[in-house]
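Shown next, in structure tokens, is the structure this report addresses.
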Amino acid sequence: MEPPHFSEWVTAGKMGTGRAPRVDSFELEPDSLLAGKYRVLSCLGTGWEGEVYLVRERKTGIERAAKLFFPHRNKGERASRFYAAKLHKLRNCPIVIQYHTHDVISWYGTPVTMLVSEYVAGELLEDFVTRFPGNRLTPFQAIHMLHSLAAGIECIHALGEYHGDLHEGNIIVLRYGLEFDIRLMDMFYWKGTKAERIREDVFDLVRLFYDVLGGQRYYAKQPPEVKVICNGLKRSLIAQKFRTAGQLKRYLENLEFS
Numbered sequence: 001m002e003p004p005h006f007s008e009w010v011t012a013g014k015m016g017t018g019r020a021p022r023v024d025s026f027e028l029e030p031d032s033l034l035a036g037k038y039r040v041l042s043c044l045g046t047g048w049e050g051e052v053y054l055v056r057e058r059k060t061g062i063e064r065a066a067k068l069f070f071p072h073r074n075k076g077e078r079a080s081r082f083y084a085a086k087l088h089k090l091r092n093c094p095i096v097i098q099y100h101t102h103d104v105i106s107w108y109g110t111p112v113t114m115l116v117s118e119y120v121a122g123e124l125l126e127d128f129v130t131r132f133p134g135n136r137l138t139p140f141q142a143i144h145m146l147h148s149l150a151a152g153i154e155c156i157h158a159l160g161e162y163h164g165d166l167h168e169g170n171i172i173v174l175r176y177g178l179e180f181d182i183r184l185m186d187m188f189y190w191k192g193t194k195a196e197r198i199r200e201d202v203f204d205l206v207r208l209f210y211d212v213l214g215g216q217r218y219y220a221k222q223p224p225e226v227k228v229i230c231n232g233l234k235r236s237l238i239a240q241k242f243r244t245a246g247q248l249k250r251y252l253e254n255l256e257f258s
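Quick note: the sequence shown, position 141, residue 141 per my numbering, numbers continuous.
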């Protein structure tokens with residue numbers, strides 16, 4: 001049965017401009033109906049901006065991902081507009097999840113913005129890593145993962161954009177072998193120039209590499225080829241060596257093991 005608080009349509013024009021109520025979780029039940037078009041299947045995760053649900057399009061049966069923004073994190077729809085515009089701009093970058101549509105639903109009388117995108121059936125990197133001995137990747141695996149990520153981020157940087165929040169909880173691993181097939185979740189806006197944010201993406205890539213190898217606990221025993229990439233996680237050294245994800249990717253392609 002359809003929950004009453006999702007039975008009505010709310011247009012974008014009705015979004016209020018006053019103080020947005022604080023919502024920490026929507027707690028949508030399976031089978032809830034969103035905007036009259038999407039049936040909730042399960043919750044995929046919760047973040048700073050909102051929650052993401054796996055939904056099924058009623059008319060086609062196609063599964064999608066629906067991101068519902070917490071109203072107090074999306075005042076004037078700034079966060080959702082930024083997210084949708086960036087996904088659209090980066091639509092030709094294979095690593096980026098494809099954006100589909102925008103709706104506004106009513107949650108107990110409160111307008112809530114919902115962005116619908118493609119659903120990628122994969123495994124979060126943070127969960128993927130736990131399936132390996134010691135909950136970490138080998139240097140060979142980690143370098144191939146880093147190369148796939150750097151190649152994907154290179155496309156984003158080439159368009160003068162950045163991701164802004166790379167970590168193990170918003171990277172989806174679809175398949176892996178000689179290469180990793182990876183998709184990115186979320187895009188964040190941070191103050192500062194895009195050049196500064198691009199440098200932060202590169203640092204985050206190196207930090208991810210460091211973390212999936214086991215972090216500080218195992219760093220001293222890593223081979224020199226790993227340490228020359230990590231640079232002891234010193235931002236100044238990383239910035240000098242890898243100004244963009246493309247530079248990092250090309251370095252990995254020419255890396256020789258002793």
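Each residue gets a CB set at the ideal place from its N, CA and C atoms; glycine is no exception. Small disclaimer: the values here were computed from a predicted structure and weren't measured.
Whole-angstrom distance between residue j and residue i, CA atom to CA atom
{"i": "Ile266", "j": "Gly169", "result": "For residue 266 there is no data in the structure shown, the boundaries of the chain being 1 and 258."}
{"i": "Leu28", "j": "Tyr108", "result": "12 angstroms"}
{"i": "Tyr53", "j": "Pro224", "result": "43 angstroms"}
{"i": "Met187", "j": "Asp127", "result": "21 angstroms"}
{"i": "Ile156", "j": "Thr60", "result": "31 angstroms"}
{"i": "Gly214", "j": "Trp48", "result": "26 angstroms"}
{"i": "Glu196", "j": "Gly246", "result": "16 angstroms"}
Closer than 9 angstroms to chain B by CB, residue i
{"i": "Pro139", "result": "This model lacks chain B altogether, as it is built from one protein chain only."}
Buried or exposed by the 16-neighbour rule on C-beta atoms within 10 Å, applied to residue i
{"i": "Pro30", "result": "exposed"}
{"i": "Ser32", "result": "buried"}
Beta bridge counterpart(s) of residue i as assigned by DSSP
{"i": "Pro30", "result": "None; Pro30 has no bridge partner."}
{"i": "Arg175", "result": "Asp181"}
{"i": "Tyr38", "result": "Leu34, Glu57"}
{"i": "Cys43", "result": "Tyr53"}
Distance between beta carbons of residue j and residue i, contact taken as under 8 angstroms
{"i": "Thr113", "j": "Glu77", "result": "6 angstroms"}
{"i": "Leu149", "j": "Ile182", "result": "6 angstroms"}
{"i": "Ile172", "j": "Met185", "result": "6 angstroms"}
{"i": "Leu125", "j": "Leu252", "result": "Actually they do not touch by this definition, with Cβ atoms about 18 angstroms apart."}
Within 9 angstroms, strictly: CB atoms of residue i and residue j
{"i": "Arg58", "j": "Arg39", "result": "yes"}
{"i": "Val202", "j": "Thr244", "result": "yes"}
{"i": "Val212", "j": "Arg136", "result": "yes"}
{"i": "Ile153", "j": "Leu166", "result": "yes"}
{"i": "Phe209", "j": "Val226", "result": "yes"}
{"i": "Ser280", "j": "Ala65", "result": "Outside the modelled stretch of the chain, which goes from 1 to 258, sits residue 280, for which no answer is possible."}
{"i": "Glu161", "j": "Lys191", "result": "no"}
{"i": "Gln222", "j": "Pro139", "result": "yes"}
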